[in-house]
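> Let me give you the structure first, and then I'll get to my questions.
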Amino acid sequence: MMDVFRWIEQTPVSIFMREDFYAYFVALIFHAWGMAFLIGGGMAVSLRTMGVASDAPLEKFAGFFPFMWIGAVMAVLSGVALLAGYPAKALTNWVFALKFACLGSGIVLVWRIRYVYFSMAAAGRVLPTRARWMGAAAFLLLGAGVVCGKLLLYTNKMLLAS
Amino acid sequence: MIPHEVPHWMVALGRWGIDTGIYGMMMNTRWGWPIAEAVHFLGLCLLMGTVGLFDLRMMGLVRGIPLAALHRLVPYGIFGYALSAATGFCFVISSPLEYFYNPAWQAKMALMAIAGLNMIVFYLTTARRVYVLGPDDRVPLGARIIAIISLFSWMGVITCGRVITAFRPFME
Chain A
1 MMDVFRWIEQ TPVSIFMRED FYAYFVALIF HAWGMAFLIG GGMAVSLRTM GVASDAPLEK
61 FAGFFPFMWI GAVMAVLSGV ALLAGYPAKA LTNWVFALKF ACLGSGIVLV WRIRYVYFSM
121 AAAGRVLPTR ARWMGAAAFL LLGAGVVCGK LLLYTNKMLL AS
Chain B
163 MIPHEVPHWM VALGRWGIDT GIYGMMMNTR WGWPIAEAVH FLGLCLLMGT VGLFDLRMMG
223 LVRGIPLAAL HRLVPYGIFG YALSAATGFC FVISSPLEYF YNPAWQAKMA LMAIAGLNMI
283 VFYLTTARRV YVLGPDDRVP LGARIIAIIS LFSWMGVITC GRVITAFRPF ME
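In the order they appear, the protein sequences are chains A and B. With my numbering, letter number 89 in the first sequence gets 89, and the count goes up by one each step, no holes. Adding 162 to a residue's 1-based position in the second sequence gives its number in my numbering.
Right under this line is the structure:
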């Protein structure tokens, strides 16, 4: 595995991400914007599913999903760029795996809410208690993913490139 | 611009941080700073998720939700802002020189002031008018401009926050 990391670190993209002053910060900015839209939007949908702002029609929150998609694309592209710079630093850190597990599960739950409960709400049916629990779980998982992301800098044990 | 002498009030602020234990918690513990950073960004996500969505709706990019109903999410954004402000205060207290003379932090504070003033203008001028609008009603131009300023101010706050580490006025 270390050979793969070493190979990635020798690619022009990886060297550019490490050595260009602006590339790293531009990627960081786009990652933060993307995460704020994706996770923030997911948290808002979760809160609504939990019963907050109950007079706002749940199914109409679908209108915010394109912005969350844009956030997701920004977060993934910038995340890949950041990962290319220091692959060993992230991929040997279990907190990185935990971040993805939390974010992935949270996003899947938000999408499940979108496809199961939005149509139910549009039909005027009362949401089951399970929907609230799903919203709460999505909210916590997305929050945990953000926390793990911020802790990456302090939990890595291997850098390789330096 | 770095002064030859540290202003008296800044020294007092740093001392206050040490006396209250904030400095020790942030700088002399393993997890103080990382946890504060995590809470700081969590608060920003909550703010962007609630106030940001409200702004998008007010800009007219999303329809079908009455603004008065969507506004009930805003208190959670304010809670997120409080989390970010409290942790941000801990960062500044722990290393005042690195922040007060950091151009990115100065720009961040300026953008936060713009967002704050913009919010006051919203509540004093257009809030009552937009709360009575129906789910598909067109939002007045003034309110849309306020929403654009709000969204871009907060995106600017995130940008400046991310580049604070690019400027280390006293570490060089």
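Quick reminder that beta carbons are idealized off the backbone N, C-alpha and C, glycines included. These numbers were taken from a predicted model, which means no experiment stands behind them.
#1: Starting from L28 (chain A) and walking both ways along the alpha helix (DSSP H), at which residues does that stretch end?
#2: With contact counted as at least three CB pairs below 8 angstroms, one residue from each stretch, are the stretch 169 to 188 of chain B and the stretch 1 to 14 of chain A in contact?
#3: Could you say if the stretch 267 to 282 of chain B and the stretch 170 to 180 of chain B meet the contact criterion of at least three C-beta pairs nearer than 8 angstroms?
#4: Does DSSP put P331 (chain B) in a helix, a strand or coil?
#5: At a CB-CB cut-off below 9 angstroms, which residues of chain A make contact with E199 (chain B)?
#6: Run down chain B in chain order and give the residues with a C-beta less than 9 angstroms from the C-beta of I113 (chain A).
#7: Kindly provide the ranges of any alpha helix (DSSP H) runs that are 4 or more residues long and lie completely inside the stretch 277 to 306 of chain B, ordered along the chain.
#8: Within the 8 angstroms Cβ cut-off, does Y238 (chain B) reach chain A?
#9: Is it true that the stretch 13 to 32 of chain A meets the stretch 49 to 60 of chain A, where meeting means three or more beta-carbon pairs spaced less than 8 angstroms apart?
#10: Buried or exposed, going by whether 16 or more other CB atoms sit within 10 Å of the CB of V294 (chain B)?
#11: Check whether the Cβ atoms of S246 (chain B) and L209 (chain B) lie closer than 8 angstroms to each other.
#12: Show which residues of chain A have a CB atom less than 9 angstroms away from the CB atom of T321 (chain B).
#13: For G42 (chain A), I'd like the list of residues in its chain whose CB is within less than 7 angstroms of its CB, leaving aside the five on either flank, ordered along the chain.
#14: Output the distance between the C-alpha atoms of G71 (chain A) and E167 (chain B), rounded to the nearest integer angstrom.
The answer reads as follows:
#1: F21 to T49
#2: no
#3: no
#4: coil
#5: K150, L151, L153 and Y154
#6: Simply none; closest approach about 14 angstroms.
#7: 289 to 293
#8: yes
#9: The stretch 49 to 60 of chain A and the stretch 13 to 32 of chain A do not touch, with fewer than three beta-carbon pairs separated by less than 8 angstroms.
#10: exposed
#11: yes
#12: I29, A32 and W33
#13: M68, G106, I107, V110, A138 and L142
#14: 44 angstroms
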